[in-house]
Amino acid sequence: MILGVSFDAPAENKAFRDKFGYPFDLLSDTGKAMSIAYGAATAESAKAARISVLIRPDGRIAHRFDQVTPADHPDEVLALL
12 MILGVSFDAP AENKAFRDKF GYPFDLLSDT GKAMSIAYGA ATAESAKAAR
62 ISVLIRPDGR IAHRFDQVTP ADHPDEVLAL L
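Residue numbers for the sequence shown follow my numbering, so the first one is 12 and each next one is one higher.
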């Protein structure tokens, strides 16, 4: 399963998804709790860093990508899997 997360409200995420035909669900982290927990933001952050986290079925982190280049990232993830 692939999910995206942003600080945007659900309606903003839906508009983004609809406008760009984004194929994955987008979660709203308006309180920043998830972004802080995964190290993508601090309480003072205006926006989260663009990172990816692969999570094992048991909920543990398998790998974290601290720098993501959208054009290259799918191949990086597939190679790791």
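We treat Cβ as the ideally placed atom computed from N, Cα and C, and that holds for glycine.
- Nearest C-alpha to A20 among S39, R28, F76, R71: S39.
- According to the DSSP secondary-structure assignment, D77 is paired through a beta bridge with no residue.
- If you compare the alpha carbons of I47, L89, H74 with that of F18, the shortest gap goes to I47.
- A check of alpha carbon separations from Y49 across L65, F35, L37, A57 identifies L65 as the nearest.
- If you draw a straight line from the Cα of V79 to the Cα of L14, it comes to about 15 Å.
- By the beta-carbon neighbour count (other beta carbons within 10 angstroms, threshold 16), A57 is exposed.
- The beta carbon of D36 is closer than 6 Å to those of L14 in its chain, skipping five residues each way along the sequence.
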